[in-house]
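Peer 1:
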Amino acid sequence: MRSRSNSGVKLDNYARIVHQTILRHQDPVTGLLPASEDQPDAWVRDNVYSVLAVWGLSLAYRKNADRDEDKAKAYELEQSVVKLMRGILQCIMRQLDKVEQFKHSKSALDCLHAKYNTRTCSTVVGDDQWGHLQVDATSLFLLFLAQMTASGLHVVYTQDEVDVVQNLMFYIETAYKVADYGMWERGDKTNQGIMELNASSIGMAKAALEALDDLNLFGAKGGPGSVVHALPDDIQHCQSILSSMLPRASMSKEVDAGVLSILTYPAFAVEDMGLVNLTKEEIISKLQGRYGCCRFLRDGHKTPKEDPSRLYYESAELKLFENIECEWPLFWTYLILDGIFTNSPEQVQEYQEALEGILIKQKDGIRLVPELYSVPHDKVEEEYGSPHSVERVPMGKCPLKWAQSLYVLGNLLAEGFLAPGEIDPLNRRFSTIPKPDVVVQVSILAESEEIKALLLKEGIEVETVADIHPLHVQPSRVLSHIYARLGQNKRLGLTGRPYRRIGVLGTSKFYILRNTMFSFTPQFIDHQQFYLALDNQMIVEMLRTDLSYLSSRWRMTGRPTVTFPISQSMLTEDHSALDPAVLSMLRKLQDGYYGGARVQTGKLSEFLTTSCFAHLSFLDGKAPDGGPRFCGVQTHGGADTEDGDISNVHELDDDPEADDLSQYLDQLLAHAAPPKPSPTVRGLGRFRAAATKTKEMVSLMGKAQGLNIHNVNMYLPNKLFHSAQPSLHLNLSDNPETQAHQVVVTGDTSGVPRDASGQVDYKALVDLLRNTHSLQDQGDILYILFKDKGLDWDTGLQDRSSTVRCLLGELYQRAGELRLWGLVRMISGMLRQKVEELDWACSDLLAHQKHLTVGLPPEPREKTITAPIPPDQLVRLIEEASDNNITVAVLTQEIMVFLAMSIRTHPDLFSEMFRLRIGLIIQVMATELAQSLNCNGEEATEGLMSLSPSELKNLLHHILSGKEFGVQRSMREMDTGVSPAISIHHLGNVGATKSERAGISKLKSDMKMVDHRLSLTDVMKVEIQTPLIYHGSHLYFSSQMEHRLSLTEPTKSLPSHSLDVEQFQSGQGHQMSSIESLDIPEFVPVARDTRHGQWLRRRRLDGALNRVPVGFYKKVWKILQKVCHGLSIEGFVLPSSTTREMTPGEIKFSVHVEAVLNRVSRPEYRQLLVEAILVLTMLADVDIQSIGSIVHVEKIVHIANDMFYKDQKDLGAEEQMLDRDPSTGVCRLLYDSAPSGRFGTMTYLTKAVAAYVQDFLPAGACAVQ
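Count along the sequence shown from 1, then add 566; that gives the number in the numbering used here.
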């Protein structure tokens, strides 16, 4: 008999360990593993982790087998793994109704359960009786389903199961915006059942989606139908949110050892090695002890101070768990694996030795990994006083199968039985390797031959849709419809992917559908329901953003290819040339560098060899109900038939059960195919052929309309139809120049025709509408009809059926062509239009841990959004917060989209900002225009509404940047003569003298400023004694505009008395109905030689944006813990007990402090309060006993204000200069004072704090210096 090799003996020993600790507990029927003898249920997460040792051992036997018995053992172990994985799959398949519901609702009551009956695969507790929503558990199962399939195991058997896995991918693909209970099943660390966004869940979902994308679940024996697909944009959303969260783990956990599972094996979800190391260092430094790592700070699980009779904790009792948290050896097994994968033998040896010292040794020699180590009851006080000093005792499960499995797996790798690539066949371990620079390929397509000729005149050679045959170009909306068919299975009740937008990563690939190659245009080209795409400068900006995003986020094989169509709307008004912004963009693309991305332009056919391809074979197979997926074109007779009914020449299958998308693609491909040579058709045959062609196109247009595809003619190679022109019911002027000078003259001085009883004469009003040529007048009249009669009221204009909705649609199109943005926004509001990706923008901001408020303060008018809500509900909330002011509501949507675009590309602009107050941002924008352009609030608000979307986004970006910028009237030729021409630009040191610039340089050096930001909150970090020389980079307007121009003069076509619509609350039609609601402050004159208004403006900006100094919230936590019993702000108290629940680094604490500060409605006053609190925090750094009372911050500000007032009076200041803000009682001049210097706000606030605190100190105490 052949002797056993040494490796074989060691493997047998590990097999004995695995059998004794794991496999002997496996249920023979379902294959599931119970948690323990006391807990017979099977947890999904624990089961997957527990079977990893079995899987690794099977691979080791397969690799090192030296006897037939070893091969048999390898097979048996493999089948044990398959049995368990299929057991979990069976549990999930019994809950497919929940998978289907959760895809749409994202509700915790609709999610898959976290644990099941080990013997029957059925559920064990109710939907609301457990924290079931654990995205990481489902993702972990999918990740190892992919890894095990890639290693050669066959877990998925049938096409139905393939569809189940595909729908599970849809279940987890929005993990970046789904709050769940996390891997510890408790959500918020207060253990009160509050769900939160968890980094561990997002990272595991990202890893699972990447692993499964384009994987054949049948392995080497599978065909195209068993391949599953993930959308790259969802993966990158997860990556983006994950990067923004780490090293924090969630809102309530500033650090969590569970994040190790996504930093290292098995997920390897983080691509930035620096961020990986930073997060690991945070975990080790804050959580590691002598027996393992704590799960998170103040974790009360199984500690001596935990009351096991209560399910939840009291918020204040979390402080009791500090320094006595249980330590889990589990996390050292992760760090051992991490050392192996990072090739760090020192780390492996360190943690192996530490782990060996705390394992529980049985009599048979098997070492067990206990669940955790706890402080004994009688040693709690000793541990409080000297953390990590007492001997702890093992508690909980022994072994914890999850930890035991990873321990065995680590040993198999460390001893060389396995190579890292064998348990990671999909190579996830290489995720941190730097990727090569991406070259973005851009193909320009002309909508028509005329546009192609215009481009050729400019030296730009392009193709039309007809030129690229057999390639097909379609809008991104079609791709959304295609992916909505993925994973459909009627037998299982699965509807596939919910219809959602496809991002630029998804549209930058070539797709093979039904053996035909398709390219798709970017999503922003397809803005049909909102007016952003009417602004060519905005389209250029969106393309720039997308190219930059592609260059930094592209991870697929091959280069990204962007197909950019040039349409009629991108021409000048007379259609004789390209829009200058578009032409400039095209020239920059040809230069090879645009938006920070390397770019190569060319024809689509030239890019086929270097591009990324996706084969969507699921459209080629059977339909979800088992029948043929496509209903093709049925041909009856031939083209040369001379007799018979015309309708039988080429009849389309109009089966109501047929799929609209399938019919659309069928007809599109049939229509686009090159014509076959045929004999000359004459007579009736020619007529029939023409009729057939027309019928095909009508049907194709109908199908496109059913799929909500607009301008389908642009994507067809044969232009049988011209773009439909509206039937003009209105007198729409073709000359934009005349719009500024047209006045409606009516006999009634009030402007609104009335009958004998004094009521509005709607017939006369319609006559007025019929006769006027002014678009603005038409908008005002239609607004009255909209408010009084509704959208569906028939005006009877031109003796035809003409509803208000129809007329508004015509006016909207014409106003869009003329770029009358104020009118466009007004009509958009009346038509209740909403941005197609509004909910996406909201979710994206929330996923970056930014709460949103809409409407102006105070509450309840200002509405806070803390969780994703459905689009319709979101629009209703915005309208309610806008006091049903339609234009403000539309502008709020626009700002929300711009904020989402900014946070996607410039997340650094939002640091230390946890709540974005859109109402205040709109108010600040209007204030900037009022002060910079020397006009009143009404004109500034009108001007804000009249800015183009690109100008509005530019203004928002400059406000967010924290840098000084200028707003001035531009002398450039305006697009249409009706929009205010505004120039927004960075100022730098413009206008500063040499000495002033030197002072700025010194100040910047002292403050160690980042990115040279001149933000008030950064200035406040300077010591009070630092002299401040501020250059006053001020706003200015062109000296060529010496005479005062009314900002709204070009857009007003009626005298102020022409239409008295006050009773309809319409103001002047498209302006805000309540200008006062913006509370725009009085104009402060700003000239080149003065700095008046600069610090007031800076405080107003920072206050509106909730911008605070770096580290501000940690300092607030420190003062609450050490100095006082609480901080009172305008009657709202931030108690010191908050520190007993929350740690200083928690986002939850920062949001809590911010919510109290946001009770203050005036942003400049709020910022003074922030400065006062900042001075107070200095007390925490000196040796001072607790004040023992609540500190009223506003009193400190008023003491400082009184000191300032007295000093200014003593210096002879006039009373007019010391005018006080009536709402706060603070001198306006104090708002406008620099933070430092003799008369700086910080100087007075420091004196005020000293005076205030002195009253609370006991007699004889040392005076505060």
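Just so it is clear, CB atoms sit at the ideal spot from N, CA and C, and this is done for glycine as well.
Quick check: the Cα distance between Leu1518 and Gly1503, rounded to an integer number of angstroms?
Peer 2: 17 Å
Peer 1: Between Gln1054 and the rest of its own chain, which residues show a CB-CB distance below 7 Å, the 5 nearest in sequence each way excluded?
Peer 2: Leu1060, Thr1061, Gly1062 and Pro1190
Peer 1: What residues match up with Val1128 in a beta bridge as DSSP calls it?
Peer 2: Val1008
Peer 1: Quick check on the DSSP output: the beta strand (DSSP E) that includes Met961 runs from which residue to which?
Peer 2: Val959 to Met961
Peer 1: Considering only their Cβ atoms, is the gap separating Arg1119 from Ser1177 smaller than 8 Å?
Peer 2: Between Ser1177 and Arg1119, the C-beta gap is not smaller than 8 Å, which leaves the two residues out of contact.
Peer 1: Please report how far the alpha carbon of Thr1015 lies from the alpha carbon of Thr1030, in whole angstroms.
Peer 2: Going by the sequence as given, residue 1015 is Glu instead of Thr. Roughly 7 Å separates the two Cα atoms.
Peer 1: Check whether the stretch 1074-1094 and the stretch 756-770 are in contact - that is, three or more C-beta pairs closer than 8 Å.
Peer 2: Output reads no: the stretch 756-770 does not touch the stretch 1074-1094.
Peer 1: I need the straight-line Cα distance from Gly574 to Tyr580, nearest angstrom please.
Peer 2: 10 Å
Peer 1: Look at the Cβ atom of Asp693, then the Cβ atom of Leu675, and state whether they are nearer than 8 Å.
Peer 2: Remark: C-beta atoms of Asp693 and Leu675 approach each other more closely than 8 Å.
Peer 1: What are the start and end residues of the beta strand (DSSP E) that includes Phe1084?
Peer 2: Thr1082 to Phe1086
Peer 1: Please report the residue range of the beta strand (DSSP E) in which Ile1695 lies.
Peer 2: Gly1692 to Ile1695
Peer 1: Would you mind working out which of Ile1132, Ser952 and Leu1071 sits nearest Glu1013, comparing C-alpha positions?
Peer 2: Ile1132
Peer 1: Around the C-beta of Gly840, are 16 or more other C-beta atoms found within 10 angstroms, so that it is buried, or is it exposed?
Peer 2: exposed
Peer 1: Could you check whether Thr684 and Lys965 sit closer than 8 Å to each other, using their CB atoms as the reference points?
Peer 2: A small correction: the amino acid at residue 965 is Pro; Lys does not occupy that position in the sequence shown. No, the pair does not count as a contact, with Cβ atoms beyond the cut-off.
Peer 1: Considering just the uninterrupted stretch of the alpha helix (DSSP H) at Arg1794, what are its terminal residues?
Peer 2: DSSP places Arg1794 inside the alpha helix (DSSP H), whose first and last residues are Arg1794 to Tyr1797.
Peer 1: If the criterion is Cβ atoms closer than 8 Å, does the pair Val836 and Leu719 meet it?
Peer 2: The Cβ-Cβ distance between Val836 and Leu719 does not fall below 8 Å.
Peer 1: Are three or more beta carbon pairs between the stretch 983-998 and the stretch 886-896 nearer than 8 Å?
Peer 2: No, the stretch 983-998 is not in contact with the stretch 886-896.
Peer 1: Mapping the DSSP letters down to three states, classify His546 as helix, strand or coil.
Peer 2: The structure shown has nothing for residue 546, since the chain only spans 567 to 1831.
Peer 1: Straight-line CA distance for Pro522 to Val1070?
Peer 2: The displayed coordinates of the chain run from 567 to 1831. Any statement about residue 522 would go beyond what the structure contains.
Peer 1: Let me know if Arg1442 comes out buried or exposed under the rule of 16 or more other beta-carbons within 10 Å of its beta-carbon.
Peer 2: Counting Cβ neighbours within 10 Å, Arg1442 comes out exposed, since fewer than 16 surround it.
Peer 1: Can you tell me the Cβ-Cβ gap for Leu1058 and His795, rounded? I've got them flagged as a contact below 8 Å.
Peer 2: His795 and Leu1058 do not touch by the CB rule: their CB atoms are close to 18 Å apart, not below 8 Å.
Peer 1: Please list the terminal residues of the continuous beta strand (DSSP E) segment that includes His1181.
Peer 2: Taken as a continuous stretch (DSSP letters only), the beta strand (DSSP E) holding His1181 covers Phe1179 to His1181.
Peer 1: State whether the stretch 1383-1402 contacts the stretch 697-717, with contact taken as three or more CB pairs (one from each stretch) at a distance under 8 Å.
Peer 2: no
Peer 1: Alpha carbon to alpha carbon, what distance is there between Gly976 and Thr899?
Peer 2: 7 Å
Peer 1: Does the stretch 699-708 come into contact with the stretch 623-635, if we say contact requires no fewer than three beta-carbon pairs (one atom in each stretch) closer than 8 Å?
Peer 2: no
Peer 1: Under the rule that 16 or more other beta-carbon atoms within 10 Å means buried, what is Phe983, buried or exposed?
Peer 2: buried
Peer 1: Buried or exposed: where does Val1401 fall if 16 or more other Cβ atoms within 10 Å of its Cβ makes it buried?
Peer 2: When all chains shown are included, Val1401 counts as buried.
Peer 1: Taking Ser1394 as the reference, which of Ser881, Ile768, Thr1458 and Gly1421 has the closest Cα?
Peer 2: Nearest option by C-alpha distance: Thr1458.
Peer 1: May I have the straight-line CA-CA distance separating Glu1562 from Thr1809, to the nearest angstrom?
Peer 2: Note that Glu1562 scores a pLDDT of 35, beneath 50, so its modelled location is shaky; the value from the coordinates is reported in the next line. If I take the Cα positions, the gap works out to 22 Å.
Peer 1: Can you check the stretch 1373-1429 for any beta strand (DSSP E) of at least 3 residues that lies completely inside it and give the ranges in chain order?
Peer 2: 1417-1420
Peer 1: What is the C-beta distance between Leu650 and Leu734, in whole angstroms, given that I count them as a contact (C-beta under 8 Å)?
Peer 2: Contact between Leu650 and Leu734 does not hold, since their C-beta atoms are separated by about 17 Å, which reaches or exceeds 8 Å.
Peer 1: Quick one: what does DSSP say Tyr747 is sitting in, helix, strand or coil?
Peer 2: coil
Peer 1: Is the beta carbon of Tyr831 less than 8 Å from the beta carbon of Leu921?
Peer 2: no
Peer 1: Could you check the C-alpha separation between Glu1781 and Val1676 for me, to the nearest Å?
Peer 2: 37 Å
Peer 1: Do you know whose CA, among Arg814, Leu775 and Pro813, lies nearest Leu797's CA?
Peer 2: Leu775
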